[in-house]
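Following: one structure in structure tokens, then a few remarks.
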Amino acid sequence: MSRLPSPRADLGLREGYHSAQVDVAVRLNTNESPFPPPASWLDELAAALAEVPWSRYPDRAATGLREAIAASHGVRSDQVFAANGSNEVLQAICLAYGGAGRKALTFEPTYALHGHVAHLTGTPVVSEERDPGLRLGAARVTAAFERHDPAIGFLCSPNNPTGLVDPPEVLDAALATTSGLVVLDEAYGQFAERSSVPLVADDLPLVVVRTFSKTWALAGLRLGYAIAAAPVVGSLERVSLPYHLDAFKQLAGRLALGHEAEMAERVAAMVSERERLLDRLGRMPVTLWPSQANFVLVRPETRSGTEVWKGLVERSVLVRDTSSWPGLEGCLRVTVGTPEEDDRFLAALAEVLG
Ligand code: PMP
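According to the numbering used here, the sequence shown is numbered sequentially starting from -2.
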């Protein structure tokens, strides 16, 4: 008989959020940048590593990194909270503002980690559906915030996995109705035409979450941050472990911010490649949504999503099978890759769809 104790009962059979890791030639399943970060950044980082006092704990406040992030957004550094990926930012938000009896609200379909992390932190999750067509409108947001009165209301724009951007009235409606915190996940913010970071103010219950994983081509670094009112940042720091951001990450992130122009070039290339991909897909028997992110949502009309997903894997192309997610029957999410990768995907898809 096993002597191992049971984990928390409320974890149940809940599975983690993981995309299949299959060995294929073309990986378009996790919305990473198809380009490596700039070589000049890597050279700078390698040189700077020799100066790091490795025997010492890192700067607990991550001062240099937060100042650099603040400068890039035109905010103060006490309005910046940085963590190990934006997922950890989301976790800190739930630890500080969620918990038993304090609800988190999501609008489905959206990024699965919002509900998942809330649940892991003991925060009850209430979910509302988006409007037909997967869009979100102000009336629905107002009604949902009034009905549930959440401690944390999650918005995501551009939304993962649809790529759709919410109209500004959605955030306005949430902020006008909430008695808690409104968390706007802008993981894909730089691919879109508009950001809500400029709205952040010390008297507004708004947290905008960003990441280095997509536009900065640094998913391997695990660095994300929130821009929020200074007292909110203070609360997020209180639930973080001491020295949670290591010296390497602080340095690498700070140096990356010196390469804004190269980042903007990469973003522009991905945005124009996204438009080419949408144009080519538009000539196939699929339903599409107008994405402002670095991925597109596709619903094949002639075969089931899972059949198409398998057919693509057989042709060494991996995309995200979202067909079993609520509201996304038959859909696949495809990350924008290099033109060569996308051509391989398009050719494979044309074959699978016959
Ligand atoms: N938010 C959204 C909407 C995402 O799609 C992702 C990545 N899939 C994240 C946050 C997490 O990004 P990271 O932890 O790599 O910063």
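For glycine and all other residues, C-beta sits at the position ideal for the given N, C-alpha and C.
These numbers were taken from a predicted model, which means no experiment stands behind them.
L329 is positioned such that its CB atom lies no closer than 9 Å to that of S321. Where A101 is concerned, the enclosing beta strand (DSSP E) starts and stops at 101 to 105. Near the ligand PMP, meaning a Cβ closer than 6 Å to any of its heavy atoms, lie the following residues in chain order: N28, G82, S83, N84, Y108, C153, N157, D182, A184, T208, S210, A216, G221. When the alpha-carbon of W306 is set against those of T60, A345, T335, the nearest one is in A345.
Between Q247 and L39, the C-beta spacing is not below 9 Å.
DSSP links Y222 through a beta bridge to A79, R207.
The distance from the Cβ of A214 to that of P33 is about 6 Å, consistent with a contact at the 8 Å cut-off. Short of 6 Å from the beta carbon of N26, and not among the five residues preceding or following it, lie these beta carbons of its own chain, in chain order: S16, L315, V316, R317.
Judged by DSSP secondary structure, R24 falls within the beta strand (DSSP E) whose first and last residues are 23 to 25. Between T212 and V268, the alpha-carbon positions lie close to 11 Å from each other.
In its chain, beyond the 5 residues on either side, V162, Y185, A189, Q289, A290 have a beta carbon closer than 6 Å to the beta carbon of P155. Only buried fits L92, as 16 or more other CB atoms lie within 10 angstroms of its CB. Of all C-beta pairs linking the stretch 44 to 56 to the stretch 222 to 229, fewer than three are shorter than 8 Å, placing the two stretches out of contact. In this model, T103 and H70 are separated by some 27 Å (Cα to Cα). The stretch 169 to 181 makes contact with the stretch 128 to 144, as at least three CB pairs between them are under 8 Å.
S69 sits in a helix when the DSSP states are folded into three classes. Counting the other CB atoms within 10 Å of its CB gives V179 a total of 16 or more, which places it among the buried residues. Per DSSP, the continuous alpha helix (DSSP H) segment holding D40 begins and ends at 36 to 46.
Non-local beta-carbon contacts of G134 in its own chain, meaning distances under 6 Å to residues more than five positions away in sequence, involve D128 in chain order. Taking a C-beta distance under 9 Å as the contact criterion, Q88 and T118 qualify as a contact pair.
DSSP places L181 in the uninterrupted beta strand (DSSP E) bounded by 178 to 182. Note that the C-beta distance between E105 and P323 is below 9 Å.
Excluding five sequence positions before and after L196, the CB atoms of its chain that fall closer than 7 Å to its own CB belong to L203, given in chain order.
Note: C153 is bridge-paired with D182 in the DSSP secondary-structure output. Counting only the Cα atoms, V123 lies some 13 Å from V114. DSSP links T60 through a beta bridge to no other residue. For L329, the secondary structure class from DSSP, reduced to helix, strand or coil, is strand. Its Cα nearest to that of G112, the residue L152 stands out among G308, R271, L152, E337. With 16 or more other CB atoms across the displayed protein chains lying within 10 angstroms of its CB, E183 is buried. It is roughly 24 Å from the alpha-carbon of D169 to the alpha-carbon of P121. P297 is bridged by DSSP to V283.
D318: member of the beta strand (DSSP E) spanning 314 to 318, first to last residue. Apart from the 5 residues on each side of it in sequence, P287 sits with its Cβ closer than 8 Å to the Cβ of G160, L161, L275 in its chain, given in chain order. The beta carbon of G308 sits closer than 7 Å to the beta carbons of V349 from its chain, once the five residues preceding and following it are set aside; these are given in chain order.
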